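Colleague:
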Amino acid sequence: MRRDDWSKILGWPGYQVYRDEIDQKAKTLKLWVRRKRGNRRLICSGCGRRITDPADITEREVRDLPCFQYRTTVVIELYRVRCPDCGLKIEKVDQLPSKAPFSKRFEEAVGEACESASARRVAKQFGLAESTVRAIDLRYLERWNAQRAKPALQQMGVDEIYLGKTTKFVTVVSNLETGEPLWFGRERKKETLDEFFRTQLSRRQRQRIEAACVDMWEPYKASIQEWSPNCAIVYDKFHIMQHANQAVDEVRRAEFFRKGARMRGVVKGKRWLLLTRWVHLTADKRQQLNHLFALNRRLMKAYLLKESLERLWTYTYEGAMRRYLKSWTLQLRWQRLPAFEKLAHLLIDHLDGILNYCRVKVRFGVVEAINGNIKTLLRRGRGYKNLRYLLLKAQRMAVTKTEFVLFRKAA
Ligand SMILES: [Zn+2]
-11 MRRDDWSKIL
-1 GWPGYQVYRD
9 EIDQKAKTLK
19 LWVRRKRGNR
29 RLICSGCGRR
39 ITDPADITER
49 EVRDLPCFQY
59 RTTVVIELYR
69 VRCPDCGLKI
79 EKVDQLPSKA
89 PFSKRFEEAV
99 GEACESASAR
109 RVAKQFGLAE
119 STVRAIDLRY
129 LERWNAQRAK
139 PALQQMGVDE
149 IYLGKTTKFV
159 TVVSNLETGE
169 PLWFGRERKK
179 ETLDEFFRTQ
189 LSRRQRQRIE
199 AACVDMWEPY
209 KASIQEWSPN
219 CAIVYDKFHI
229 MQHANQAVDE
239 VRRAEFFRKG
249 ARMRGVVKGK
259 RWLLLTRWVH
269 LTADKRQQLN
279 HLFALNRRLM
289 KAYLLKESLE
299 RLWTYTYEGA
309 MRRYLKSWTL
319 QLRWQRLPAF
329 EKLAHLLIDH
339 LDGILNYCRV
349 KVRFGVVEAI
359 NGNIKTLLRR
369 GRGYKNLRYL
379 LLKAQRMAVT
389 KTEFVLFRKA
399 A
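Numbering (the working numbering), first residue to last: -11 to 399.
#1: Apply the 10 Å Cβ neighbour rule to glycine 152 and answer buried if 16 or more other Cβ atoms are within range, or exposed otherwise.
#2: Examine ligand 1 and report whether any of its heavy atoms sits within less than 6 Å of the Cβ of cysteine 32.
#3: Considering only C-alpha positions, which residue in the set Pro54, Gly257, Arg286 is nearest to glutamine 276?
#4: Which full runs of the alpha helix (DSSP H) of 4+ residues lie inside the stretch 210 to 292, going along the chain?
#5: Considering only heavy atoms of ligand 1, does any lie closer than 6 Å to the CB of arginine 368?
#6: Looking only at its chain, what residues have a beta carbon closer than 6 Å to the beta carbon of asparagine 421, apart from the 5 residues adjacent to it on each side?
#7: Please state the DSSP three-state secondary structure of tyrosine 3.
#8: Using the Cα positions of glycine 26 and glycine 2, report the straight-line distance between them to the nearest angstrom.
#9: If you reduce the DSSP assignment to three classes, tell me which class threonine 390 lands in.
#10: Tell me which same chain residues have a C-beta within less than 7 Å of the C-beta of arginine 70, skipping the five on either side of it?
#11: What's the C-alpha gap between tyrosine 6 and proline 72?
#12: Would you mind giving the Cβ-Cβ distance between tryptophan 215 and arginine 194, rounded to the nearest angstrom? I have them listed as a contact below 8 Å.
#13: Quick one: is the Cβ of aspartate 73 within less than 6 Å of any heavy atom of ligand 1?
#14: Terminal residues of the continuous alpha helix (DSSP H) containing methionine 144?
#15: Just how far apart, CA to CA, sit phenylalanine 352 and glycine 145?
#16: Let me know the secondary structure DSSP gives leucine 343 once reduced to three states.
#17: Run through DSSP, which three-state label would alanine 308 get?
#18: So for leucine 84, helix, strand or coil by DSSP?
#19: Going straight from the alpha carbon of tryptophan 260 to that of arginine 176, what length do you get?
#20: What is the C-beta distance between threonine 16 and arginine 59, in whole angstroms, given that I count them as a contact (C-beta under 8 Å)?
#21: Could you tell me the alpha carbon to alpha carbon distance between cysteine 201 and arginine 174, rounded to whole angstroms?
#22: Which same chain residues end up closer than 8 Å to glutamate 47 when comparing Cβ atoms and leaving out the 5 residues on each side of it in sequence?
#23: Please look up how many angstroms separate the CB atoms of valine 387 and serine 162, rounded, as I've assumed it's under 8 Å.
#24: From alanine 117 to isoleucine 124, what does the alpha carbon distance come to, in whole angstroms?
#25: In the DSSP assignment, find the unbroken alpha helix (DSSP H) run with valine 354 in it and report its ends.
#26: By how many angstroms is the C-alpha of alanine 357 removed from the C-alpha of isoleucine 31?
#27: Roughly how many angstroms lie between the CA atoms of alanine 210 and aspartate 52, to the nearest whole one?
#28: Spell out a yes or no on whether the stretch 309 to 324 and the stretch 278 to 285 are touching, meaning 3 or more CB-CB pairs, one atom from each, closer than 8 Å.
#29: Can you tell me which of Gln4, Asp8, Cys35 puts its alpha carbon nearest to the alpha carbon of arginine 22?
#30: Should leucine 331 go down as buried or exposed, given a rule of 16 or more other Cβ atoms within 10 Å for buried?
#31: Less than 6 Å between C-beta atoms, sequence neighbours within five positions excluded: which residues of the same chain meet that for serine 86?
#32: Which one of Glu168, Leu300, Ile336 has the shortest CA to CA distance from glutamine 383?
Right, here's the structure in full:
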């Protein structure tokens, strides 16, 4: 084959193939490229400045996309430049996005593959180490993130997510309008959210936030009130129902687990049923629950209380919402359900933020969906020690909507 044809097939703008080597047995193709005559644009890779004359010549070998069955590597002739600002530097070449031995389009192919498959599977597919795949994916996502437009933050979500024994809690700040996570911070203290406001937003950006969906968690509230005093705090349905589910679970444990092995056996594996809404249960599952309720009336009451709390968000008028919540708390009398009494106090203490649902229109369910997406990533990826990587992954997922997990089960 003529060298010209190799240059066409390779298709690196401004470069031509001057040598090729095919190893039929190993199924490898190696191409040597250098600049075409007339291509004399030299740019310093340190600062982007144009340089007229090269200092010397060097070579780099990178892996490119395969050519049919042949694994392809390209040896590229590179110039070094003497930059007035950076000193002796290698020139900037579009096909080489990093110091790693891969071409830009190879890294893109790996990054794209990582969007729908685990790093382990992609590693196998490309014949790379898993850690290499993760590093390529991270660079791919950083490049994507650097060139995209980021919309202003007007409605924010704040949530916490448990990442396991070592990392523990991470605070997740999200944009409710675009449905993407914006920032991760370690722990869930006031200082955590303070750091977001301080490092990620300007004074003007902070003032522009009109609403925040948060859990009834004092440290977050304190931070928002300090940094963005005009922002309305809304306690959303997702978080409140999480507390209601916890209350049901507490009742289940109190009623059955402290009552011997036989009773424990009865509720074993029924936790999920109790946390699922009645409308989402099949006839068979409903029967299982009814059987459980026949054994314990208090657990039934707890389940019904949780179910009826859900109706709070069918009201759009503040007064009606307030009345409904009041009648709900009245049902607790004489029931001897301490977990629900605790919940009722929590709701009353945070009444204003609950009623804000009627005053400020925010997209509900977004925090929940983001939460679900992150959990999916964690389950699939195993070990996101690098929080930055996890954040970029979740952002890409939200923007491309490759997978939008609706958490039917928990709701
Ligand atoms: Zn420079």
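Heads up, the beta-carbon is just placed ideally off N, CA and C, and yes, glycines get one too.
On a predicted model such as this, the values are computed, not experimentally measured, just so you know.
Modeller: Here's the rundown:
#1: Here residue 152 refers to the residue found at position 164 of the sequence shown. The residue is exposed, with fewer than 16 neighbouring Cβ atoms inside 10 Å.
#2: Position 44 of the sequence shown, counting from 1, holds the residue named residue 32. True, at least one ligand heavy atom lies under 6 Å from that Cβ.
#3: Mapped onto the sequence shown, residue 276 falls at position 288. Ranking Pro54, Gly257, Arg286 by Cα distance to glutamine 276 puts Gly257 first.
#4: 225 to 240, 248 to 255, 259 to 263, 271 to 283
#5: Within the sequence shown, the letter at position 380 stands for residue 368. Arginine 368: no, Cβ never under 6 Å from ligand 1.
#6: No answer is possible for residue 421: the residues shown for the chain start at -11 and end at 399.
#7: Here residue 3 corresponds to residue number 15 of the sequence shown, with the count starting at 1. Tyrosine 3: strand per DSSP, three-state reduction.
#8: By 1-based counting over the sequence shown, the position of residue 26 is 38. By 1-based counting over the sequence shown, the position of residue 2 is 14. Rounded to whole angstroms, glycine 26 to glycine 2 spans 9 Å at the Cα level.
#9: Residue numbering aside, residue 390 sits at position 402 when the sequence shown is read from its first letter. Because the pLDDT at threonine 390 is just 49, under 50, the model does not fix this residue reliably, and the point stays unresolved.
#10: Numbered from its first residue, the sequence shown carries residue 70 at position 82. Around arginine 70: Ala43, Leu76.
#11: Sequence index remark: in the sequence shown, residue 6 carries index 18 (1-based). Sequence index remark: in the sequence shown, residue 72 carries index 84 (1-based). Distance between the alpha carbons of tyrosine 6 and proline 72 is about 32 Å.
#12: Here residue 215 refers to the residue found at position 227 when the sequence shown is read from its first residue. Here residue 194 refers to the residue found at position 206 when the sequence shown is read from its first residue. Contact holds; Cβ gap of about 6 Å.
#13: Walking along the sequence shown from the start, residue 73 turns up at place 85. Yes - ligand 1 has a heavy atom lying nearer than 6 Å to the Cβ of aspartate 73.
#14: For this step, residue 144 is matched to residue 156 along the sequence shown. Taken as a continuous stretch (DSSP letters only), methionine 144 belongs to no alpha helix (DSSP H), being part of the beta strand (DSSP E) at 143 to 150.
#15: Reading the sequence shown from its first residue, position 364 is the one you call residue 352. Reading the sequence shown from its first residue, position 157 is the one you call residue 145. Their backbone Cα atoms lie some 10 Å apart in a straight line.
#16: The residue given as residue 343 occupies position 355 in the sequence shown. Residue state, collapsed to three classes: helix.
#17: Against the sequence shown, residue 308 aligns to sequence position 320. Here alanine 308 sits in helix by DSSP.
#18: Start at 1 with the first residue of the sequence shown, and residue 84 comes out as number 96. Coil.
#19: Counting from 1 along the sequence shown, the entry for residue 260 is found at position 272. Counting from 1 along the sequence shown, the entry for residue 176 is found at position 188. Cα to Cα, tryptophan 260 sits roughly 27 Å from arginine 176.
#20: Here residue 16 refers to the residue found at position 28 when the sequence shown is read from its first residue. Here residue 59 refers to the residue found at position 71 when the sequence shown is read from its first residue. Right, the Cβ-Cβ distance comes to about 5 Å (below 8 Å), so this counts as a contact.
#21: Counted from its first residue, the sequence shown places residue 201 at position 213. Counted from its first residue, the sequence shown places residue 174 at position 186. Taking the straight line joining both Cα atoms gives about 19 Å.
#22: Residue 47 sits at position 59 when you count from the first residue of the sequence shown. Closer than 8 Å at the Cβ level, and outside the excluded window around glutamate 47, lie Val63, Ile64, Glu65, Leu66.
#23: The residue labelled residue 387 in the question sits at position 399 within the sequence shown. The residue labelled residue 162 in the question sits at position 174 within the sequence shown. Not a contact, Cβ separation roughly 12 Å.
#24: Here residue 117 corresponds to residue number 129 of the sequence shown, with the count starting at 1. Here residue 124 corresponds to residue number 136 of the sequence shown, with the count starting at 1. Rounded to whole angstroms, alanine 117 to isoleucine 124 spans 11 Å at the Cα level.
#25: Indexing the sequence shown from 1 puts residue 354 at position 366. Start and end: 354 to 369.
#26: As a first step, residue 31 must be located in the sequence shown, where it is residue number 43. As a first step, residue 357 must be located in the sequence shown, where it is residue number 369. Their Cα atoms are separated by approximately 44 Å.
#27: Taking the sequence shown and counting its residues from 1, one reaches residue 210 at position 222. Taking the sequence shown and counting its residues from 1, one reaches residue 52 at position 64. One C-alpha to the other measures close to 52 Å.
#28: no
#29: Within the sequence shown, numbered from 1, the residue matching residue 22 stands at position 34. Closest option to arginine 22, Cα to Cα, is Gln4.
#30: What you label residue 331 is simply residue 343 of the sequence shown in a count that begins at 1. Buried is the call here.
#31: In the sequence shown, residue 86 corresponds to position 98, counting from 1. Excluding residues within five positions, the ones whose Cβ falls inside 6 Å are Arg127.
#32: Sequence index remark: in the sequence shown, residue 383 carries index 395 (1-based). Looking at the Cα atoms, Glu168 is the closest of the given residues.
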